[in-house]
Amino acid sequence: MKNSEYKALHDLPKKTKSTHLLCAANGQQANYDGFALLEPSNTFKVIQNRKGHRRTNCLSYMLFHHKSEKMIRIDLNGKPHEGVATPHVHIFDDQHQNGQHAIPLTNLVNYNCTDEIVTSLMEFLKYNNFEISDITIEQSLI
């Protein structure tokens with residue numbers, strides 16, 4: 062994805078289709094559908110992933126544009142990527158080699174890094190310009 066397209070899509074004000082979000086249980090993932098407020102045909106999907114390969118504390122977030130294009134992945138817990146420890150981010154645009162290289166999460170301005178399950182989902186949504194004032198998030202009881 063071209064950097065200009067990524068920035069335009071990222072900067073769109075967005076809203077989740079549901080105002081009540083249930084976090085993924087450990088070992089699972091949860092999907093949340095959303096849309097651009099001013100362009101409802103521009104849809105997005107957020108994935109909260111708690112599945113890991115031989116690790117039980119993995120936590121990552123992904124944002125997809127409706128064309129199934131991955132836009133951003135934030136790994137809060139998990140293994141290092143090319144020497145960059147977690148937490149780190151992969152941005153899928155030309156400027157960032159389409160996500161091939163990890164960037165320390167501290168490089169993102171206005172991102173409050175936490176691995177607490179409910180707060181981290183809220184922070185990911187906020188960073189990606191989702192309206193969060195009417196959202197409630199609950200942790201899975203499983």
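Using my numbering, read the sequence shown as starting at 62 and increasing by one per residue.
Backbone N, C-alpha and C fix where the C-beta goes; we use that ideal spot for every residue, glycine too.
Given the structure is predicted, the values throughout are model-derived calculations rather than measurements.
Here DSSP, grouped into helix, strand and coil, assigns E184 to helix. Apart from the 5 residues on each side of it in sequence, T175 sits with its Cβ closer than 7 Å to the Cβ of S181, E184 in its chain, given in chain order.
For secondary structure counted as the beta strand (DSSP E) over 3 or more consecutive residues, the stretch 109-143 holds these complete runs in sequence order: 120-126, 130-138. Ranked by Cα distance from E100, the options Y93, L120, K76 are led by K76. By the criterion of at least three beta-carbon pairs nearer than 8 Å, the stretch 63-77 is in contact with the stretch 87-106. Taking I133 as the centre and dropping the five residues before and after it, the same chain places the C-beta of L124, I152 closer than 6 Å to its C-beta, in chain order.
In this structure Q109 is buried. Its beta-carbon is surrounded by 16 or more other beta-carbon atoms within 10 angstroms. For Y67, the enclosing alpha helix (DSSP H) begins and ends at 64-72. Straight through space, the alpha carbons of E130 and C84 are spaced by roughly 23 Å. Relative to the Cα of N103, the nearest Cα in the group L73, I193, N190 belongs to L73.
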